[in-house]
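**Student:** Take a look at the following structure, please.
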Amino acid sequence: MKDKGRSIAEVSVRGMIMKRLPRKLDVMEGENAVFCVETREAAEGTCWSRDGLQLRESHRTVLKSFGRTHLLVLVHVTRQDAGIISFTVGESQTSSQLRVKCVKRDPPSTPVAAEMSVAESNAALLAWCPAPDAHLRPPSRYLLERREAAGGEWVQCLATDLPGRVRVLGDSVPREADYCFRVCAANEHGRSSPVEFPGSVHLAPAARLERGLQDVRVQDGEDAWFSLELSAVVNGTWFLDGTKLGEEEEACGRCSVRHHGMEHSLLIRGARVADSGAQVTFVSGEVRDSATLHVQGEQGVHIAPVPDAERLREVPAGLPVLLECHVSPPGAPVRWLKDGEAVPLDDVIAVQAEGCVRRLLLRSAGPLDTGMYTCDAGDDAVSFVVTVTGELGTNEAPHTYVAGQRVELWCQLSRPAAPVHWYKDGEEVEADKSLVLEQEGPRHRLVLPCARPQDTGEFVCDAGGDSVFYTVTVAGGCDAGGLAVSLLVGLSLVVQGVTAFLTNRPVSRLSGKGDSLLCWSKMLKHPRAPSTSMPGCLPDLCPRSVTKPFSEVLKIVGPAHGMG
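According to UniProt numbering, the sequence shown is numbered sequentially starting from 1.
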């Protein structure tokens with residue numbers, strides 16, 4: 001405007017809402033909040049919201065409309081109900097800020113006048129009074145706690161709604177001990193500081209016998225052990241023939257009293273025959289139990305009889321042998337003997353003692369282990385006869401070779417550590433470039449890398465208690481009429497179908513059809529075999545005695561056209 005004047009215009013907008021919400025509404029926590037709106041006319045499609053979220057009917061939210069009046073009631077508001085409450089109808093809206101004031105929450109005050117009476121045995125009578133301001137901060141319950149006087153954690157043992165007197169019995173505690181008590185008041189807002197009852201009280205749970213005493217039988221000088229178990233952890237007293245045993249005797253006396261949990265035990269060291277018949281008694285409250293000590297005098301050692309099937313044992317070599325007997329008393333010492341000599345303990349033989357049982361174990365038996373084994377306990381003894389069969393295993397391959405072939409003789413022992421010697425024609429062989437001796441664990445070998453006719457003969461693998469014989473024939477080397485010579489262990493002399501048995505009479509000449517002459521190239525010898533002489537081309541056979549297995553067989557093969 002030219003005169004620069006100002007004008008103020010009032011604009012009135014007619015809307016649906018006639019009575020609007022207050023700008024603020026303060027409500028105490030736990031009270032009801034009521035909002036009311038009036039419209040010009042009854043309206044449909046009204047909406048209540050809080051912080052922009054529509055409110056719906058529930059047990060804590062009440063929505064009502066009566067003609068032009070619209071109500072919102074929030075029941076028992078909490079701090080979570082605070083916010084902007086809005087009412088909307090059509091394009092009209094009114095809002096109010098709901099503020100919830102919190103109530104100060106204080107726990108109750110500490111109870112007063114706490115007293116404890118211990119006049120009754122194995123019980124405590126506790127009494128206290130509420131705090132003077134209990135009407136301002138009323139407690140909902142009182143909590144009673146206990147702990148052992150020696151120390152430990154406080155444990156709640158009782159909760160009651162009313163103040164006054166409480167009787168605590170010994171059956172309510174877990175174990176026998178001196179106990180202290182305290183009490184505090186509590187409500188939904190917390191608990192007060194506790195007040196402790198003066199003094200302490202000795203309480204013990206009622207115990208019953210779970211496992212009673214048993215009579216004990218021991219040998220003279222052995223320890224005697226008595227024990228029982230109760231249903232609760234309580235103390236008790238031991239009596240020996242009416243005399244009370246104290247814990248002070250544990251350090252230097254013969255009797256030792258022990259208490260662990262619910263188990264009570266008494267150890268009598270070195271019981272004597274004079275103690276036999278003594279009465280042992282345990283007392284704890286109403287529990288009383290007794291047992292008797294029996295002490296037996298010194299007795300001789302006894303070995304229980306062993307069946308013949310167990311005493312006479314025959315086993316193959318290489319298998320374990322277990323000899324076992326029972327002795328009494330269990331701690332009796334024994335000695336194991338073999339053929340009257342103490343048994344050497346090594347990696348093959350072991351002895352064991354377990355309670356009343358005494359054992360001797362041959363882990364891998366061999367023929368050298370054959371003999372009589374005796375378990376000697378001094379006053380008594382039992383003997384076992386062990387026979388071990390079959391020390392060696394041999395190669396069953398044929399032993400006839402052609403000159404230049406590789407010859408391998410082997411034997412396998414049941415015990416790798418057994419000593420082995422090789423012999424040829426009664427003389428021990430020595431290893432060189434033409435004869436090799438090998439050993440791999442229990443297997444022993446004699447190897448001829450390139451056999452020669454002069455290697456023909458009898459080889460022996462001797463393991464001390466047993467031997468194996470090998471007859472080796474190497475073809476070639478005999479040039480008498482083109483004959484081949486073969487030497488085998490046996491009982492007869494064979495000449496192309498004609499057999500002459502060896503006798504004590506000298507045999508000067510043998511011939512077949514056509515009177516063909518045969519030449520002996522070599523005779524097989526054994527250290528224990530009789531000597532044989534060979535003058536000229538034809539042998540004189542003069543065996544003084546021929547016994548198995550040292551008998552010799554000579555097989556002579558001549559030209560077919562010279563023999564009939």
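Glycine residues also receive a C-beta, built at the ideal position from the N, C-alpha and C atoms. Keep in mind it's a predicted model, so treat the numbers as computed, not measured.
(1) Buried or exposed: where does Ile17 fall if 16 or more other Cβ atoms within 10 Å of its Cβ makes it buried?
(2) Report yes if the C-beta distance between Leu25 and Thr94 is below 8 Å; otherwise report no.
(3) With a threshold of 6 Å on Cβ separation, who are the neighbours of Met372 within its own chain once the five nearest residues in sequence on each side are excluded?
(4) Are Val334 and Asp376 touching if we call contact CB-CB under 8 Å?
(5) Spatial neighbours of Val168 within its chain, please: C-beta separation below 6 Å, excluding the five flanking residues on both sides.
(6) Between Asp51 and the rest of its own chain, which residues show a CB-CB distance below 8 Å, the 5 nearest in sequence each way excluded?
(7) Ignore the nearest five residues each way along the sequence and tell me which others in Val447's own chain have a CB closer than 6 Å to its CB.
(8) With distance defined between alpha-carbon atoms, name the residue in Thr400, Arg443, Ser92 and Val429 nearest to Gly476.
(9) For Val273, is the classification buried or exposed, using 16 other Cβ atoms within 10 angstroms of its Cβ as the cut-off for buried?
(10) Please name the residue in Val118, Val351 and Pro132 whose C-alpha comes closest to that of Leu126.
(11) Measure how close the beta-carbons of Leu143 and Gln156 come, nearest whole angstrom, since I'm counting them as under 8 Å.
(12) Hey, how far is the Cα of Val216 from the Cα of Leu362?
(13) Once you ignore the five residues that flank Leu71 on each side, which residues in its own chain have a CB closer than 6 Å to its CB?
(14) Consult DSSP for Leu368 and reduce its assignment to one of helix, strand or coil.
(15) Where are the beta strand (DSSP E) runs, 3 residues long or more, that stay fully inside the UniProt domain "Ig-like" (404-473), in chain order?
(16) Please say whether Arg258 and Asp223 have beta carbons closer to each other than 8 Å?
(17) Taking one C-beta from the stretch 178-189 and one from the stretch 234-243 each time, how about it: are there three or more such pairs within less than 8 Å?
(18) With DSSP as the reference, label Glu310 as helix, strand or coil.
(19) On the DSSP bridge list, what partners appear for Gln352?
(20) From the DSSP output, which residues share a beta bridge with Glu263?
(21) Starting from the Cα of Val234, find the closest Cα among His264, Phe226, Cys255 and Ser256 and give me that residue.
(22) Please report the distance separating the alpha-carbon of Asn395 from that of Leu413.
(23) Out of Pro442, Ala418, Val75 and Cys450, which one is the CA nearest neighbour of Asp432?
(24) Between the alpha carbons of Ala381 and Asp346, how many angstroms are there, rounded?
(25) Buried or exposed, going by whether 16 or more other CB atoms sit within 10 Å of the CB of Arg505?
(26) Below 8 Å on the Cβ atoms is my contact criterion, and I expect Val388 with Leu360 to pass it. Report the Cβ-Cβ distance as a whole number of Å.
(27) Run through DSSP, which three-state label would Val382 get?
(28) Helix, strand or coil for Gly199 per DSSP?
(29) If you draw a straight line from the alpha carbon of Val295 to that of Val218, how long is it in whole angstroms?
(30) What is the rounded straight-line gap between the Cα of Thr370 and the Cα of Leu312?
(31) Do you know whose CA, among Ser231, Ala332, Gly212 and Glu341, lies nearest Ala353's CA?
(32) Should Ala207 and Ala177 be called a contact, given that it needs their Cβ atoms to be closer than 8 Å?
(33) So, is residue 609 buried or exposed, given that buried needs 16 or more other C-beta atoms within 10 angstroms?
(34) Hey, how far is the Cα of Arg165 from the Cα of Gly199?
(35) Does DSSP put Ala204 in a helix, in a strand, or in coil?
(36) What's the gap between the Cα of Ser531 and the Cα of Glu440?
**Tutor:** In terms of the structure at hand:
(1) Taking the sequence shown and counting its residues from 1, the one referred to as residue 17 is at position 17. Under the 10 Å beta carbon count, Ile17 is surrounded by 16 or more other beta carbons and is classified as buried.
(2) Residue numbering aside, residue 25 sits at position 25 when the sequence shown is read from its first letter. Residue numbering aside, residue 94 sits at position 94 when the sequence shown is read from its first letter. Not in contact: Leu25 and Thr94 (Cβ atoms no closer than 8 Å).
(3) The sequence position of residue 372 within the sequence shown is 372, counting from 1. Once the five neighbours on either side are set aside, the close Cβ partners of Met372 are Asp339, Ser383 and Val385.
(4) Here residue 334 corresponds to residue number 334 of the sequence shown, with the count starting at 1. Here residue 376 corresponds to residue number 376 of the sequence shown, with the count starting at 1. Their beta carbons are under 8 Å apart, which means Val334 touches Asp376 by this criterion.
(5) On the sequence shown, position 168 is the one that residue 168 refers to. Contacts found: Ala124.
(6) For the purposes of this step, residue 51 is identified with residue 51 of the sequence shown, where counting begins at 1. In the same chain as Asp51, and ignoring 5 residues on each side of it, the C-beta atoms closer than 8 Å to its own belong to Gly83 and Ile84, in chain order.
(7) Locating residue 447 in the sequence shown gives position 447, counting from the first residue. Glu408 and Val436, listed in sequence order.
(8) By one-based count along the sequence shown, residue 476 stands at place 476. Per the C-alpha coordinates, the member of Thr400, Arg443, Ser92 and Val429 positioned closest to Gly476 is Thr400.
(9) Position 273 of the sequence shown, counted from the first residue, corresponds to residue 273. Exposed.
(10) The sequence position of residue 126 within the sequence shown is 126, counting from 1. It is Val118.
(11) Locating residue 143 in the sequence shown gives position 143, counting from the first residue. Locating residue 156 in the sequence shown gives position 156, counting from the first residue. A Cβ-Cβ separation of about 6 Å places Leu143 in contact with Gln156 under the 8 Å criterion.
(12) The residue you call residue 216 lines up with position 216 of the sequence shown. The residue you call residue 362 lines up with position 362 of the sequence shown. Each residue's Cα considered, the two are about 39 Å apart.
(13) Here residue 71 refers to the residue found at position 71 when the sequence shown is read from its first residue. Here the set comprises Cys36 and Lys64.
(14) Residue 368 sits at position 368 when you count from the first residue of the sequence shown. Taken through DSSP and simplified to helix, strand or coil, Leu368 comes out as helix.
(15) As far as the UniProt domain "Ig-like" (404-473) is concerned, its whole beta strand (DSSP E) runs of at least 3 residues are 407-413, 421-424, 436-440, 443-448 and 457-462.
(16) Walking along the sequence shown from the start, residue 223 turns up at place 223. Walking along the sequence shown from the start, residue 258 turns up at place 258. With a cutoff of 8 Å on beta-carbon distance, Asp223 and Arg258 are scored as not near each other.
(17) No contact exists between the stretch 178-189 and the stretch 234-243.
(18) Residue mapping note: residue 310 aligns to position 310 of the sequence shown, counting from 1. Of the three classes helix, strand and coil, the one that applies to Glu310 here is helix, per DSSP.
(19) As a first step, residue 352 is located in the sequence shown; it is residue number 352 there, counting from the start. Partner(s): Arg359.
(20) The residue you call residue 263 lines up with position 263 of the sequence shown. Note: Glu263 sits in a beta bridge opposite Glu229 and His260.
(21) Against the sequence shown, residue 234 aligns to sequence position 234. Here the closest residue by C-alpha is His264.
(22) Start at 1 with the first residue of the sequence shown, and residue 395 comes out as number 395. Start at 1 with the first residue of the sequence shown, and residue 413 comes out as number 413. With a pLDDT of 43 at Asn395, under the threshold of 50, the predicted position of this residue should be treated as unreliable, though the coordinate-derived value follows. So the two alpha carbons sit approximately 12 Å from each other.
(23) Taking the first residue of the sequence shown as 1, we reach residue 432 at position 432. Nearest option by C-alpha distance: Cys450.
(24) Here residue 381 refers to the residue found at position 381 of the sequence shown. Here residue 346 refers to the residue found at position 346 of the sequence shown. If you take the alpha carbons of Ala381 and Asp346, they lie about 23 Å apart.
(25) Against the sequence shown, residue 505 aligns to sequence position 505. Confidence is the limiting factor: at Arg505 the pLDDT is only 30, short of 50, which leaves the residue's position unreliable, though a coordinate-based value still follows. So Arg505 ends up on the exposed side.
(26) Numbered from 1 along the sequence shown, position 388 holds the residue referred to as residue 388. Numbered from 1 along the sequence shown, position 360 holds the residue referred to as residue 360. Not quite, the Cβ-Cβ distance comes to about 14 Å (not below 8 Å), so this is no contact.
(27) As a first step, residue 382 is located in the sequence shown; it is residue number 382 there, counting from the start. The three-state secondary structure of Val382, taken from DSSP, is strand.
(28) Residue mapping note: residue 199 aligns to position 199 of the sequence shown, counting from 1. Coil at Gly199, not helix or strand.
(29) One-based indexing of the sequence shown puts residue 295 at position 295. One-based indexing of the sequence shown puts residue 218 at position 218. Going from the Cα of Val295 to the Cα of Val218 covers about 5 Å.
(30) Within the sequence shown, the letter at position 370 stands for residue 370. Within the sequence shown, the letter at position 312 stands for residue 312. Across the structure, Thr370 and Leu312 are spaced so that their CA atoms are roughly 11 Å apart.
(31) The residue given as residue 353 occupies position 353 in the sequence shown. The shortest Cα separation from Ala353 among Ser231, Ala332, Gly212 and Glu341 belongs to Ala332.
(32) Taking the first residue of the sequence shown as 1, we reach residue 207 at position 207. Taking the first residue of the sequence shown as 1, we reach residue 177 at position 177. No, the Cβ-Cβ distance between Ala207 and Ala177 is not below 8 Å.
(33) Since the first and last residues shown for the chain are 1 and 564, residue 609 lies out of range.
(34) Within the sequence shown, numbered from 1, the residue matching residue 165 stands at position 165. Within the sequence shown, numbered from 1, the residue matching residue 199 stands at position 199. Their backbone Cα atoms lie some 17 Å apart in a straight line.
(35) Within the sequence shown, residue 204 is the residue found at index 204, counting from 1. The DSSP-derived three-state label of Ala204 is coil.
(36) Within the sequence shown, the letter at position 531 stands for residue 531. Within the sequence shown, the letter at position 440 stands for residue 440. Low confidence applies to Ser531: its pLDDT is 37, below 50, so where it sits in the model is not reliable, and the reading given next is rough at best. Looking at the two C-alpha atoms, the distance is approximately 36 Å.
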